[in-house]
Amino acid sequence: MIIIDILLSFGLLWLSFRIVTAQDLFNVVVYFIVFGMILALIWVRLGVFDLALAEVALGSGITGALLLDTITFLKTKKGKNE
Numbered sequence: 001m002i003i004i005d006i007l008l009s010f011g012l013l014w015l016s017f018r019i020v021t022a023q024d025l026f027n028v029v030v031y032f033i034v035f036g037m038i039l040a041l042i043w044v045r046l047g048v049f050d051l052a053l054a055e056v057a058l059g060s061g062i063t064g065a066l067l068l069d070t071i072t073f074l075k076t077k078k079g080k081n082e
């Protein structure tokens, strides 16, 4: 089971690097959502189920949807101004 913990940890580090270095906003939001899902898996592995549920619901679900809506708004606003 230590292998799963190591893979989750390295996956989280890799995603945090990709979030900071990505150029496309859509990719950043997708990485952010996946980051929240992996973080929830880590919370489950640590036995903190209520925090894992809150991370999935708030961190990945609601925040991800709001960020995707913001990207759509920015793209349509940008197209109208030009």
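Residue numbering for the sequence shown follows the numbering used here, starting at 1 and increasing by one per position.
Here a beta-carbon is modelled for each residue, glycine too, at the ideal position from N, C-alpha and C.
Whether residue i touches residue j by CB criterion (8 Å)
i, j, result
"I38", "L12", "yes"
"V44", "L15", "no"
"E55", "A40", "yes"
Anticipated Cβ contact below 8 Å, residue i with residue j, distance rounded
i, j, result
"T29", "L68", "Note that residue 29 is Val in the sequence shown here, rather than Thr. Right, their Cβ atoms sit about 6 Å apart."
"F32", "I19", "6 Å"
C-alpha distance - residue i paired with residue j, whole-angstrom precision
i, j, result
"I6", "G47", "16 Å"
"T76", "T21", "24 Å"
"G61", "A52", "12 Å"
"L25", "I71", "7 Å"
"L8", "I42", "7 Å"
Coarse secondary structure for residue i, derived from DSSP in three states
i, result
"G47", "coil"
"D5", "helix"
"D24", "coil"
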